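Beneath this line is the structure, given in structure tokens, with notes to follow.
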Amino acid sequence: MGKVVSFIMLLLLLSCNSWEDEWAVNEIVGIEIPACGGSESVSVDGGGDWSLDCVVETAMGNSVVGDVYAFDGAYYNKVDGVKVPLALYGLGKLTAGNDKWGLGIERRTADKFTFTFLRNFRDYANMLKVVLSDKGRSKTVLLTQQSGGGFTLKDISYSNGCDSVFWDDTLPQTVEYDKVTTMVLFPFSSVKAFASFSSGDYGAFSWMGDDVAVKVPNGVLADGTPYFMQGDEVVYGDGRVVSDDLGGVSRDVTFIRENSIGRVTYCFSIEYRKIVVPYTIVVSSVASGDQYECHGMFERTVPTGRYKYVEVFD
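Sequential numbering of the sequence shown, starting at 803, is according to the working numbering.
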């Protein structure tokens, strides 16, 4: 369970237009949640009109963005299809950062806000500031989640996948010549290979500090066809990695053509093979040794070695 520490600062405001004193209350509430995750609640005056105005990073002051859901007494309904700076007016909930924060804020009743963190996979603490307000009164909630202490890669494995083949154009290559000659071009000179990991699981990428190289998959496709991916390792991370390793296809492949006087542009199309493979990654806590699984998809796109061309003469 986290620890809640609350102290109240009362600021007396002198009104110039009234004999009555007006009081504004700024209450600062500190909440600490362990690295393994947990929830804590902050009570507010149920008779008031409290709202959650913003959630910001304590260190940088950047607004935290996420999803907003309104509560109708029975169900949560998403307010907008895009992620927005977090704010809540009325009953509902907020979620932020499937991978970065693992934060949830819920208000099912008028008198309470509940703050939840999932496990912190990172090696530093999560620190956020939440501002609640009601007609001149405010509560500042300082959220701190302890550092996860660091995680290391234990294993990565792949399941049977599927593949597809497609064609894509390269940059045109233009050659000028003033006598009969033999033209030598390199269809794969500008070709790249691509790899990417993607996952919707919380913590799938946030456990990493530096780049982590993982083995590439070998196995069979869904139809039983075996496949082998050239190269021993690929960098694990969220997003696409561009590589000059063409999976066994040489950039020195030449296209030779006998031409007469003139100027010609060669437009090459390259055939690619894309393999999509489910993967499971296991990471281990440096502090406790506890292990956690995350699942996702690995994609690898490489040329097959086949090409075709179109000649355009000036």
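The beta carbon of each residue, even a glycine, is placed where N, CA and C say it ideally should be. Given the structure is predicted, the values throughout are model-derived calculations rather than measurements.
With which residues is residue i paired in a DSSP beta bridge?
i       : result
Asn864  : Its beta-bridge partners do not exist; DSSP assigns none.
Gly1064 : Tyr979
Val1112 : Cys1069
Met1010 : Met1010 is not bridged to any residue.
Please return the same chain residues whose Cβ sits closer than 7 Å to the Cβ of residue i, not counting the five positions on each side in sequence.
i       : result
Tyr926  : Ser949
Ser845  : Asp913, Lys914
Phe923  : Gly950, Phe953, Gly1005, Ser1008, Trp1009
Leu1048 : Phe990, Val993, Ala995, Val1104, Pro1105
Put residue i into one of helix, strand or coil per three-state DSSP.
i       : result
Tyr877  : coil
Pro1105 : strand
Ala826  : Bear in mind that the predicted position of Ala826 carries a pLDDT of just 45, short of 50, making it unreliable; the figure below should be weighed with that in mind. In this structure, Ala826 counts as strand in the three-state DSSP scheme.
Arg924  : coil
Lys994  : coil
Ser959  : strand
Thr946  : strand
What residues in its chain sit with their C-beta under 6 Å from that of residue i, if we drop five residues either side in the sequence?
i       : result
Ala872  : Asn879, Val881, Gly894
Val866  : Val857, Leu888, Ala898
Gly1107 : Val1051
Glu908  : Lys895, Thr916
To the nearest angstrom, how far is the alpha carbon of residue i from that of residue j?
i       : j       : result
Ile833  : Val932  : 11 Å
Ile1058 : Thr983  : 10 Å
Val1014 : Asp874  : 45 Å
Pro1019 : Pro1105 : 17 Å
Pro974  : Ala837  : 54 Å
Ala826  : Phe919  : Residue placement at Ala826 is flagged as unreliable, the pLDDT there being 45, under the threshold of 50; a coordinate-derived value is accordingly withheld.
Ser1008 : Gly906  : 17 Å
Val1078 : Ser1000 : 11 Å
Ser961  : Phe968  : 23 Å
Ser1071 : Asp970  : 5 Å
Leu934  : Thr911  : 15 Å
Asp1040 : Ser998  : 7 Å
Arg1102 : Lys1076 : 6 Å
Give me the residue from the options with the minimum Cα distance to residue i.
i       : options                        : result
Val870  : Lys885, Leu944, Asn828         : Lys885
Thr860  : Met929, Pro836, Ser843         : Met929
Val1055 : Leu896, Gly938, Thr954, Phe988 : Phe988
Met1010 : Thr911, Val1112, Ser1087       : Ser1087
Trp903  : Thr946, Leu934, Ala876, Asp936 : Thr946
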